[in-house]
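In the UniProt record's numbering, the protein residues as written are 1 to 513.
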Amino acid sequence: MDGVLDERSLMIVKSSVQALPGVENIKIDTKLHKVTISYKPEQTGPRDLIEVIKSATSGLVNASIYLEADGRDQHRYVEIKQYRQSFLWSLIFTIPVFLTSMVFMYIPWLKAGLERKVFNMMSTGELLRWILSTPVQFVIGRKFYAGAYKAMCRGSPNMDVLIALGTNTAYFYSVYSVLRAATSANYMSTDFFETSSMLISFILLGKYLEILAKGKTSEAIAKLMDLAPETAILLIHDHEGNVVGEKEIDSRLIQKNDVIKVVPGGKVASDGFVIWGQSHVNESMITGESRPVAKRKGDTVIGGTVNENGVLHVRATFVGSESALAQIVRLVESAQMAKAPVQKFADQISRVFVPLVILFSLLTWLAWFVAGRLHSYPNSWLPPSMDSFQLALQFGISVMVIACPCALGLATPTAVMVATGVGASQGVLIKGGQALESAQKVDCIVFDKTGTLTIGKPVVVDTRLLKNTVLREFYDYAAAAEVCSTTLMFLIIFLLNFSISLKLFPFSLIFIL
Numbered sequence: 001m002d003g004v005l006d007e008r009s010l011m012i013v014k015s016s017v018q019a020l021p022g023v024e025n026i027k028i029d030t031k032l033h034k035v036t037i038s039y040k041p042e043q044t045g046p047r048d049l050i051e052v053i054k055s056a057t058s059g060l061v062n063a064s065i066y067l068e069a070d071g072r073d074q075h076r077y078v079e080i081k082q083y084r085q086s087f088l089w090s091l092i093f094t095i096p097v098f099l100t101s102m103v104f105m106y107i108p109w110l111k112a113g114l115e116r117k118v119f120n121m122m123s124t125g126e127l128l129r130w131i132l133s134t135p136v137q138f139v140i141g142r143k144f145y146a147g148a149y150k151a152m153c154r155g156s157p158n159m160d161v162l163i164a165l166g167t168n169t170a171y172f173y174s175v176y177s178v179l180r181a182a183t184s185a186n187y188m189s190t191d192f193f194e195t196s197s198m199l200i201s202f203i204l205l206g207k208y209l210e211i212l213a214k215g216k217t218s219e220a221i222a223k224l225m226d227l228a229p230e231t232a233i234l235l236i237h238d239h240e241g242n243v244v245g246e247k248e249i250d251s252r253l254i255q256k257n258d259v260i261k262v263v264p265g266g267k268v269a270s271d272g273f274v275i276w277g278q279s280h281v282n283e284s285m286i287t288g289e290s291r292p293v294a295k296r297k298g299d300t301v302i303g304g305t306v307n308e309n310g311v312l313h314v315r316a317t318f319v320g321s322e323s324a325l326a327q328i329v330r331l332v333e334s335a336q337m338a339k340a341p342v343q344k345f346a347d348q349i350s351r352v353f354v355p356l357v358i359l360f361s362l363l364t365w366l367a368w369f370v371a372g373r374l375h376s377y378p379n380s381w382l383p384p385s386m387d388s389f390q391l392a393l394q395f396g397i398s399v400m401v402i403a404c405p406c407a408l409g410l411a412t413p414t415a416v417m418v419a420t421g422v423g424a425s426q427g428v429l430i431k432g433g434q435a436l437e438s439a440q441k442v443d444c445i446v447f448d449k450t451g452t453l454t455i456g457k458p459v460v461v462d463t464r465l466l467k468n469t470v471l472r473e474f475y476d477y478a479a480a481a482e483v484c485s486t487t488l489m490f491l492i493i494f495l496l497n498f499s500i501s502l503k504l505f506p507f508s509l510i511f512i513l
């Protein structure tokens with residue numbers, strides 16, 4: 001609702017709406033300007049409710065239908081904007097960290113500036129990387145901490161836990177290395193600030209692309225809803241059932257038993273049946289059949305289909321979420337949310353993936369640490385100013401960090417969502433990931449679309465000469481076979497095949513129904 005209402009006006013609106021037949025419950029949210037009403041669609045509808053609200057407030061309040069899809073779209077746009085901003089801010093901080101760590105160190109005059117000591121403790125490059133990577137780790141990447149905390153509270157560690165562990169390990173080891181180098185004259189620091197910041201940036205990029213893919217899928221669903229017309233012509237009848245007028249209304253305000261006028265070239269606004277007139281309706285949107293279907297009194301029509309010729313008066317039977325078009329949209333949405341068998345397998349792996357990565361990381365560190373203590377590898381493997389403990393710690397960190405951006409839990413659901421959305425925009429409805437997964441086993445496709453893929457009668461599609469013959473004579477036989485009746489044609493085919501088997505005829509014909 002758009003408008004300002006005091007307490008007295010709210011009570012008037014509530015009592016007026018409750019007085020309508022079929023209204024069961026009403027709840028008013030003044031902060032969101034939203035009214036939630038439960039009613040029986042056989043007795044009343046959204047148009048009556050809106051008219052009562054407007055009349056009760058003397059036109060001071062403009063009421064309209066709240067669509068959940070609009071709320072979801074708004075939430076998705078906000079989410080896309082948040083991830084885009086997070087990724088861009090992450091790049092602003094990460095690119096300098098990467099350059100000072102991987103590029104500028106190979107440029108002599110820049111390397112000298114980065115190795116210059118600050119406060120006689122640490123180099124300029126180390127301090128710069130530390131400062132720039134800190135907001136990426138704790139401000140931009142805070143959503144991973146929140147996700148990891150919720151996952152640990154549920155007792156099911158997910159990828160957020162692995163991301164938080166890997167990036168924090170790389171970050172805090174770098175802080176330790178820099179501080180030790182600053183306080184020890186013989187220690188040479190090795191920091192991984194660029195690893196933690198770049199890892200967060202790449203993961204944010206993946207999340208951003210995933211949200212964009214979901215947005216494109218939602219746009220495909222929205223295109224399905226756009227097949228329904230925005231407005232409809234409502235016929236007004238008197239007590240004797242005679243048409244006394246007509247008015248244009250929003251198609252979302254059509255109620256059960258309303259009579260809608262459908263003009264030639266217009267779209268049917270609601271599911272229903274014809275009570276007057278005759279025409280042909282193109283139902284290819286639903287059936288895939290390109291031939292228009294004849295409609296007369298008593299025939300059913302589907303909302304969103306196109307009226308080819310003639311005027312129809314249609315009595316609405318299924319409106320809103322009960323319409324065939326709305327059910328198709330729900331089918332596509334449920335198909336996107338349904339888990340494919342391979343996705344269920346991936347979920348089972350994900351439950352143990354994070355604990356295994358942590359375990360392997362600890363085992364890697366322990367194996368290299370023990371090997372170093374037992375002198376199982378030459379001392380030349382140790383970098384300058386580094387002991388076996390630090391070398392083992394680096395290997396353990398590497399295992400954990402490399403496993404962080406695993407797409408095991410993202411690849412399958414994103415692929416299913418995009419595939420079903422693209423298919424829906426092309427008129428192909430896919431019943432979830434299981435159907436997509438089973439499609440790889442298909443080796444034969446059977447179509448039953450007479451009038452769409454075939455013309456409903458046998459025609460010559462190919463010919464093959466078994467030996468040389470007069471071309472004009474061959475054309476005469478082919479033309480005679482095509483113009484004959486179906487029964488005679490089959491007889492000719494039989495005789496031709498029989499004669500060919502006896503080598504009495506110089507050619508064969510291939511027919512298709």
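Ideal placement from N, C-alpha and C gives every residue a C-beta, glycine not left out.
Here the structure is a predicted model, which is why all the values come from computation and not from measurement.
Looking at residue i: is its Cβ nearer than 8 Å to the Cβ of residue j?
i    : j    : result
Y39  : G22  : yes
V161 : V401 : no
R315 : I254 : no
Q190 : A170 : Strictly speaking, residue 190 in this sequence is Thr, with Gln absent from that position. Contact: no.
A182 : M105 : no
L10  : I28  : yes
V118 : L110 : no
V268 : E308 : no
Y208 : F87  : yes
G279 : K295 : A small correction: the amino acid at residue 279 is Ser; Gly does not occupy that position in the sequence shown. The answer is yes: Cβ separation under 8 Å.
G272 : T317 : yes
L436 : I430 : yes
Could you have a look at residue i and say whether DSSP puts it in helix, strand or coil?
i           : result
S156        : coil
G423        : helix
F273        : strand
E308        : strand
T300        : strand
I260        : strand
residue 548 : Since the displayed the chain opens at 1 and closes at 513, residue 548 lies outside it and no answer follows.
R464        : strand
N168        : helix
A228        : coil
A63         : coil
K431        : coil
V418        : helix
V161        : helix
V459        : strand
V268        : coil
V118        : strand
L83         : According to the sequence shown, residue 83 is Tyr rather than Leu. If DSSP states are grouped into helix, strand and coil, Y83 belongs with the helices.
I12         : helix
S485        : Note that S485 scores a pLDDT of 48, beneath 50, so its modelled location is shaky; the value from the coordinates is reported in the next line. In this structure, S485 counts as coil in the three-state DSSP scheme.
Which residue comes first and which comes last in the beta strand (DSSP E) that contains residue i?
i           : result
L312        : L312 to F318
T36         : K34 to Y39
I249        : V243 to D250
residue 516 : Nothing about residue 516 can be reported from this structure: the residues present for the chain run from 1 to 513 only.
V23         : V23 to D29
S279        : S279 to N282
V293        : V293 to K295
From which residue to which residue does the alpha helix (DSSP H) around residue i run?
i    : result
S133 : T124 to P135
A232 : That residue, A232, is in no alpha helix (DSSP H); its beta strand (DSSP E) goes T231 to H237.
K111 : P108 to L114
S323 : Unbroken run through S323: none, as it is neither H nor E.
A56  : P46 to A56
Any chance the CB of residue i is under 7 Å from a heavy atom of the ligand SAM?
i    : result
S184 : Only the bare structure without any ligand can be found here, which leaves the ligand SAM out of the picture.
The segment 195-206 / the segment 123-137 touching (three or more Cβ pairs under 8 Å): The answer is yes - the segment 123-137 touches the segment 195-206, with three or more Cβ pairs under 8 Å.
Cβ contact (3+ pairs, closer than 8 Å) linking the segment 224-239 and the segment 163-173: no
Cβ contact (3+ pairs, closer than 8 Å) linking the segment 293-306 and the segment 316-326: yes
Inside the segment 340-380 only - beta strand (DSSP E) runs reaching at least 3 residues: none
Three-pair Cβ contact test at 8 Å for the segment 356-368 versus the segment 392-401: yes
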